[in-house]
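Each residue of the sequence shown is one higher than the one before, starting from 62 at the first, in my numbering. Encoded as structure tokens, the structure appears first; notes follow it.
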Amino acid sequence: MAVSTLKLLLLATLLGLTACASQPQNPDPWESFNRKVFAFNDVADKYAAKPAAKAYQAVTPNFLERGIDNVFSNLREPLNLLADLGQLKFKAAAVDGGRFLINSTVGVGGFFEVASYIGLAKRTEDFGQVLGYWGVAPGPYVVLPILGPSTVRDTGSAALDSQIDALSQIDHIRTRNQLRVLNLVNTRANLLKTESLLSGDRYTFLRDAYLQRREYLISDGAAAEDSFGEEEFEEWDDF
């Protein structure tokens, strides 16, 4: 696993350096292609993901839905911790480590969000942010089939993120896949409430929201505040 992880890190770095060497003025030079993929994703969402999310939300009590959301969020804490270290955020890494320990024990496997109540705030970190911290430009915006909005930098780093993700460490393939599907449906259910925020050209809105959110995360809130405040970004935590 260590070798494959190093290979993925090298791939992410090379992709990022390519983007850094020639960052286009236009963040979406592949718009024509991206819109076609966006249309495909829209159909898949309309007939599969969204109906599944609505059914899941209809049969799942609120407390259970929140608990499941907390569990998947807790499983992401090791990634947050390592990404913090990659950005030299040692205090934040300690907080994320503390969150994982407390929520995994006192919070019963992460079902209950205990850490926030004692001042350990939830953060979202990944290796795309690590590359951004070290000056790697995002490169062109790209819409991935099923996965949705990304950039060249974030696409490369996502491969490393997936290797560190706690779900990837589950050896039983069927169980791992079932949990991934549950996570996908749960995430889509969380986004149902944000659909009312969409206006005008949905493609443009989602692209701009994604790019500004990534800038916001990489700069730890020091950028993008003119267009989106902190509360608005929190609505897109699962985006």
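For every residue, glycine included, the Cβ atom is placed at its ideal position computed from N, Cα and C.
Whole beta strand (DSSP E) elements within the stretch 184-241, 3-residue minimum: 202-205 and 209-212
Whole-angstrom C-beta distance between Leu253 and Tyr202, which should lie under 8 Å: Here the question's residue 202 lines up with position 141 in the sequence shown. Here the question's residue 253 lines up with position 192 in the sequence shown. Actually they do not touch by this definition, with Cβ atoms about 25 Å apart.
Spatial distance of Gly282 from Phe124 (CA atoms): For the purposes of this step, residue 282 is taken as the residue at position 221 of the sequence shown. For the purposes of this step, residue 124 is taken as the residue at position 63 of the sequence shown. Going by the C-alpha atoms only, they are around 30 Å apart.
Candidates Pro199, Leu146, Glu186 and Gly128, of which the one nearest Leu278 by Cα: The residue you call residue 278 lines up with position 217 of the sequence shown. Closest option to Leu278, Cα to Cα, is Glu186.
Proximity of Phe188 and Gly147 at Cβ, strictly below 8 Å: One-based indexing of the sequence shown puts residue 188 at position 127. One-based indexing of the sequence shown puts residue 147 at position 86. Cβ distance < 8 Å, so Phe188 and Gly147 count as in contact.
Distance CB(Asp89)-CB(Arg268) smaller than 8 Å: Taking the first residue of the sequence shown as position 1, residue 89 is located at position 28. Taking the first residue of the sequence shown as position 1, residue 268 is located at position 207. Yes, the pair counts as a contact, with Cβ atoms nearer than the cut-off.
Proximity to Gln118 [Cα-Cα], best of Ser257, Asp262 and Thr248: In the sequence shown, residue 118 corresponds to position 57, counting from 1. Residue nearest to Gln118 within the set Ser257, Asp262 and Thr248 is Thr248 (criterion: CA-CA distance).
Sub-8 Å separation of Gly171 and Asn141 beta-carbons: Stepping through the sequence shown from its first residue, residue 171 is reached at position 110. Stepping through the sequence shown from its first residue, residue 141 is reached at position 80. Result no, Cβ atoms of Gly171 and Asn141 do not sit closer than 8 Å.
Thr121 (DSSP reduced to helix, strand or coil): Taking the first residue of the sequence shown as 1, we reach residue 121 at position 60. Thr121: coil per DSSP, three-state reduction.
For Ala154, the first and last residue of its enclosing alpha helix (DSSP H): As a position in the sequence shown, residue 154 is number 93, starting the count at 1. Per DSSP, Ala154 belongs to the alpha helix (DSSP H) from Phe151 to Thr166.
Anticipated Cβ contact below 8 Å, Glu174 with Asn131, distance rounded: Within the sequence shown, numbered from 1, the residue matching residue 174 stands at position 113. Within the sequence shown, numbered from 1, the residue matching residue 131 stands at position 70. Confirmed, about 5 Å.
As assigned by DSSP and simplified to three states, the class of Phe173: Here residue 173 is taken as the residue at index 112 of the sequence shown, counted from 1. The three-state reading of DSSP puts Phe173 in coil, since its state is none of H, G, I, E or B.
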